[in-house]
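Working notes for the structure below.
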Amino acid sequence: SNTLDKRFYNELLHIIGLEERKEGSKKLIGRKAEGKRDTGSLIENAINILNYEDCLRDIEKPIDYGETKEEQLYHLALELSITWINRILFLKLLEGQLVRYHNRDESYKFLNAELIPDFDALNKLFFHVLAVKENERGDHVKEKYKKIPYLNSSLFEPNELEHKTIKLSNLEDDYTLPILGSTVLKDNSGKKKTGEMNPLHYLLEFL
Numbered sequence: 001s002n003t004l005d006k007r008f009y010n011e012l013l014h015i016i017g018l019e020e021r022k023e024g025s026k027k028l029i030g031r032k033a034e035g036k037r038d039t040g041s042l043i044e045n046a047i048n049i050l051n052y053e054d055c056l057r058d059i060e061k062p063i064d065y066g067e068t069k070e071e072q073l074y075h076l077a078l079e080l081s082i083t084w085i086n087r088i089l090f091l092k093l094l095e096g097q098l099v100r101y102h103n104r105d106e107s108y109k110f111l112n113a114e115l116i117p118d119f120d121a122l123n124k125l126f127f128h129v130l131a132v133k134e135n136e137r138g139d140h141v142k143e144k145y146k147k148i149p150y151l152n153s154s155l156f157e158p159n160e161l162e163h164k165t166i167k168l169s170n171l172e173d174d175y176t177l178p179i180l181g182s183t184v185l186k187d188n189s190g191k192k193k194t195g196e197m198n199p200l201h202y203l204l205e206f207l
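Letter by letter, the sequence shown follows residues 1 to 207 in the numbering used here.
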């Protein structure tokens with residue numbers, strides 16, 4: 001009963017930029033092989049920004065993240081991506097609870113491209129909305145996010161690694177990501193979607 005749906009698992013890994021592979025009798029999850037990597041995936045987007053902004057200089061012991069610069073950048077990006085995905089999956093569960101609690105009122109759905117068009121907006125949702133009591137929120141978010149409750153959780157506070165490196169808002173919004181061949185996404189006619197999508201919109205629609 002605790003096994004992840006295989007299609008969900010594979011497509012989520014694709015969006016993050018990871019893949020499962022066999023090494024002997026073991027199944028391991030790691031960065032996609034060179035030549036299969038997508039710039040728009042969460043991992044590759046983060047690696048590029050970490051590299052261009054020279055974030056390794058602010059890490060006290062980069063060697064803890066790997067022996068080479070490439071390994072260090074990957075493991076930093078992986079740790080950040082896991083943090084971001086954990087928050088987003090938590091919010092998906094919260095969204096479902098809000099809709100059910102309010103008699104299936106669809107207006108309580110907030111994880112969509114209309115309300116969250118880019119990574120900056122998602123970052124603001126984390127730190128300007130969920131981490132702030134309703135009466136203490138800025139005027140610019142009070143009305144837009146009026147149906148989203150305050151969550152007294154350290155999950156929605158910037159962690160030490162984000163303070164030292166990058167936050168979700170630093171990621172590039174202009175990339176695209178190929179839709180997985182076995183995607184669960186359907187177009188308006190009910191056919192499987194093909195082509196490419198904005199990575200954040202892909203993730204939100206997929207969830």
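Note that beta-carbon positions come from the ideal geometry of N, C-alpha and C, so glycine has one too.
Since this is a predicted model, take the numbers as computed values, not measurements.
- Around the beta-carbon of residue 203, 16 or more other beta-carbon atoms lie within 10 Å, marking it buried.
- Of the residues 74, 83, 111, 78, the one whose Cα lies closest to the Cα of residue 92 is 111.
- Annotation for residue 197: 176, 177, 179 place their beta carbon closer than 7 Å to its own, counting only its chain and skipping 5 residues before and after.
- DSSP, read as helix, strand or coil, puts residue 42 in helix.
- Burial check for residue 72: the Cβ neighbour count within 10 Å reaches 16 or more, so the residue is buried.
- It is roughly 27 Å from the alpha-carbon of residue 37 to the alpha-carbon of residue 159.
- Look at the region 103-189 and you find no whole run of beta strand (DSSP E) that is 3 residues long or longer.
- In the DSSP assignment, residue 27 forms a beta bridge with 22.
- Taking C-alpha positions only, residue 199 is separated from residue 25 by approximately 33 Å.
- For residue 60, the three-state secondary structure derived from DSSP is coil.
- Scanning its chain for C-beta atoms nearer than 8 Å, with the 5 sequence neighbours on each side dropped, one finds no residue around residue 68.
- Residue 192 sits in a strand when the DSSP states are folded into three classes.
- 161 is the residue among 115, 161, 186 whose C-alpha sits nearest the C-alpha of residue 61.
- Look at the beta carbons and you see the region 42-56 touching the region 163-170: at least three pairs across the two are nearer than 8 Å.
- With a cutoff of 9 Å on beta-carbon distance, residue 63 and residue 76 are scored as not near each other.
- For residue 104, same chain residues with a beta-carbon under 6 Å away, outside a window of 5 residues either side, do not exist.
- Closest by C-alpha distance to residue 117, out of 57, 151, 172, is 172.
- A direct Cα-Cα distance of roughly 8 Å separates residue 109 from residue 96.
- Annotation for residue 123: 167, 168, 169 place their beta carbon closer than 7 Å to its own, counting only its chain and skipping 5 residues before and after.
- Shown here for residue 7: same chain residues with a beta carbon closer than 7 Å to its own, the five before and five after excluded, namely 182, 184 in chain order.
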